[in-house]
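Here the structure is laid out as structure tokens; the discussion comes afterwards.
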Amino acid sequence: MTGLNIQIEWKTRLCQVDGKMGYFHAWEHYSKPLEASPLIGGAPAGIFSKVFGIVEFSDGIRQVDPFQIVFCDEENQMLSELEKMRKENKIDD
1 MTGLNIQIEW KTRLCQVDGK MGYFHAWEHY SKPLEASPLI GGAPAGIFSK
51 VFGIVEFSDG IRQVDPFQIV FCDEENQMLS ELEKMRKENK IDD
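For the sequence shown, position 26 (counting from the first letter as 1) is numbered 26 according to the numbering used here, and the numbering increases by one without interruption.
Spelled out as structure tokens, the structure:
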């Protein structure tokens with residue numbers, strides 16, 4: 001197609017995890033099968049599933065629990081300002 005111009009960006013977000021600055025890259029949906037317990041009345045077979053954030057630090061990349069991530073970028077700043085305006089104007093959700 002003539003004149004088609006596609007630009008793909010992989011945007012990272014500045015964040016903080018346990019006081020350490022890093023770049024958030026993506027959410028990872030992790031799962032693995034679990035075997036049934038051999039004990040009578042034990043847990044049945046199933047699937048363990050969890051979501052992790054993939055965060056790049058100066059010393060490497062780690063899976064991080066989502067609740068440990070505090071975003072520190074413009075997107076987060078805009079949300080903070082909107083929340084502040086909502087509280088000042090006493091607008092209900």
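Glycine included, each C-beta is placed from N, C-alpha and C at the ideal position.
Non-local beta-carbon contacts of Ser49 in its own chain, meaning distances under 6 Å to residues more than five positions away in sequence, involve Ser31 in chain order.
For Lys87, the enclosing alpha helix (DSSP H) starts and ends at 74 to 89. Rounded to whole angstroms, the separation of the alpha carbons of Ala45 and Glu35 is 5 Å. Per DSSP, the unbroken beta strand (DSSP E) holding Gln16 starts and ends at 13 to 17.
Counting along the chain, Ala36 sits inside no beta strand (DSSP E), nor does DSSP assign it H or E at all. For the 9 Å CB-CB criterion, Leu14 and Cys72 form a contact.
A straight line joining the alpha-carbon of His25 with that of Ile40 spans about 43 Å.
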